[in-house]
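When the letters of the sequence shown are read in order and numbered with the working numbering, they come out as residues 91 to 269. From the three backbone atoms N, C-alpha and C, an ideal C-beta is built for every residue, glycine too. Notes follow the structure.
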Amino acid sequence: MGKWFTLREISRNTSIPIQTVKRYVEDYQSYLNMRNEEGVYIFHETCISTLQEVRQCYKQGKNKEEIKGILNKVCSNSTAMIVKESTCNEDPVLLGIHKHLEKENNVHQNLMKMIREQSKEISKLHQKLNEHLEQKERIAIEERDRTLTQLLREMQNVKREIAKSKKKPWWKTFFFEKN
Numbered sequence: 091m092g093k094w095f096t097l098r099e100i101s102r103n104t105s106i107p108i109q110t111v112k113r114y115v116e117d118y119q120s121y122l123n124m125r126n127e128e129g130v131y132i133f134h135e136t137c138i139s140t141l142q143e144v145r146q147c148y149k150q151g152k153n154k155e156e157i158k159g160i161l162n163k164v165c166s167n168s169t170a171m172i173v174k175e176s177t178c179n180e181d182p183v184l185l186g187i188h189k190h191l192e193k194e195n196n197v198h199q200n201l202m203k204m205i206r207e208q209s210k211e212i213s214k215l216h217q218k219l220n221e222h223l224e225q226k227e228r229i230a231i232e233e234r235d236r237t238l239t240q241l242l243r244e245m246q247n248v249k250r251e252i253a254k255s256k257k258k259p260w261w262k263t264f265f266f267e268k269n
């Protein structure tokens, strides 16, 4: 089911001041998996990476709208999961739904992770394919150049032979050379 942390523990784990974490929670609540236990919010372990991503975005000078756009792409849970523990304990149906939602959320996160990994793999394969095609093109160009160079040399040799034969008078070729 995952670990849950208090605000203070989140602050300690992420090295983000408590007031800053509170502000991030207010601004980006819909991207955080948290619940309310006896008036205290506790956060799922997935919130740590989300809050660190928000922190990095602010360090890069991004505004709220840009950060929300990034989180929409990065975060797999774009809806808040705030559940009052007392409500769940009173109604077993709600508790079952909450557990089911957490399982679905974990499956969704795993799928998103697999998609990101496959996307990276596809990118690497695409790069290798491009390199292979470039190498194949280079080899074809080198082969063409070798063939053209060889043909040029042969043509020059033929020209030299023709030039030599034109320099001799016809009667020398006819009477003095044996073929």
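{"Check": "For the stretch 200 to 220 against the stretch 145 to 152, are there 3 or more C-beta pairs whose distance is under 8 Å?", "Outcome": "no"}
{"Check": "Using 8 Å for Cβ pairs, my map puts threonine 136 next to asparagine 123. What's the rounded Cβ distance?", "Outcome": "5 Å"}
{"Check": "Can you say whether leucine 141 is buried or exposed, counting buried as having 16 or more other CB atoms within 10 angstroms of its CB?", "Outcome": "buried"}
{"Check": "Taking buried to mean at least 16 other C-beta atoms within 10 Å of its own C-beta, is histidine 190 buried or exposed?", "Outcome": "exposed"}
{"Check": "Where do the N-terminal and C-terminal ends of the alpha helix (DSSP H) with isoleucine 108 fall, by residue?", "Outcome": "108 to 117"}
{"Check": "For asparagine 153, which three-state DSSP category applies?", "Outcome": "coil"}
{"Check": "With DSSP as the reference, label glutamate 221 as helix, strand or coil.", "Outcome": "helix"}
{"Check": "Starting from asparagine 103, follow the alpha helix (DSSP H) in both directions and report where the run begins and ends.", "Outcome": "97 to 104"}
{"Check": "Measure the alpha-carbon distance for asparagine 162 versus glutamate 232 and round it to whole angstroms.", "Outcome": "49 Å"}
{"Check": "Would you check if the distance between the CB atom of isoleucine 132 and the CB atom of threonine 96 is smaller than 8 Å?", "Outcome": "yes"}
{"Check": "Can you grab the Cα-Cα spacing for the pair isoleucine 108 / glutamine 225, in whole Å?", "Outcome": "55 Å"}
{"Check": "Which one or two residues does DSSP pair with glutamate 127 in a beta bridge?", "Outcome": "Val130"}
{"Check": "Just to check, is the beta-carbon of valine 130 closer than 7 Å to a non-hydrogen atom of the ligand SAH?", "Outcome": "Of ligands this structure carries none, so the ligand SAH is not represented either."}
{"Check": "Just how far apart, CA to CA, sit isoleucine 157 and lysine 203?", "Outcome": "20 Å"}
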